[in-house]
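Asks:
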Amino acid sequence: MQKNIVAAPQLAGQGKQKIEWVKRNMPILRQIEKDFRKHQYFSGLRVLVCIHLEAKTAYLAQVFAA
Numbered sequence: 000m001q002k003n004i005v006a007a008p009q010l011a012g013q014g015k016q017k018i019e020w021v022k023r024n025m026p027i028l029r030q031i032e033k034d035f036r037k038h039q040y041f042s043g044l045r046v047l048v049c050i051h052l053e054a055k056t057a058y059l060a061q062v063f064a065a
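Oh and the sequence shown: position 1 is 0 in numbering that gives the first Met the number 0, straight run, nothing missing.
1) Identify which residue in Y40, L44, K15, G43 has its Cα closest to the Cα of T56.
2) State the CB to CB distance for the pair K22 and R29, rounded to an integer number of angstroms; the pair is presumed to be in contact (CB under 8 Å).
3) Restricting to Cα atoms, I'd like to know which of N24, A60, P26 is closest to R45.
4) For Q13, which of E53, A65, V62, F63 has the nearest alpha-carbon?
5) Have a look at F63, L10, F35 and flag the residue whose alpha-carbon is nearest the alpha-carbon of L47.
6) Using the rule of at least 16 other Cβ atoms within 10 Å of the residue's Cβ for burial, across every protein chain shown, is E19 buried or exposed?
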């Protein structure tokens, strides 16, 4: 996964906090992440996510990259 392209680097910390909040408060997505880490479904593949990016979808992209 590309590290990041941040239009406003001063807001990156706030974005990380929001993603961490999602991670703590979405237990089903955490379970999916554990499964993706275990099975590496997308290993060796390039995955494109074209969706409105907010904290929930940013965490989902991280799950896909797990």
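Note that CB positions come from ideal geometry on N, CA and C, so glycine has one too.
Replies: Quick answer:
1) Looking up residue 56 in the sequence shown gives position 57. Among Y40, L44, K15, G43, the Cα nearest to that of T56 belongs to K15.
2) Translated into the one-based positions of the sequence shown, residue 22 becomes position 23. Translated into the one-based positions of the sequence shown, residue 29 becomes position 30. Approximately 7 Å separates the beta-carbon atoms of K22 and R29; this is inside 8 Å, confirming the contact.
3) For this step, residue 45 is matched to residue 46 along the sequence shown. Of the listed residues, the one whose Cα sits closest to R45 is A60.
4) One-based indexing of the sequence shown puts residue 13 at position 14. Of the listed residues, the one whose Cα sits closest to Q13 is E53.
5) In the sequence shown, residue 47 corresponds to position 48, counting from 1. Per the C-alpha coordinates, the member of F63, L10, F35 positioned closest to L47 is F63.
6) On the sequence shown, residue 19 is found 20 positions in, with the first residue counted as 1. When all chains shown are included, E19 counts as exposed.
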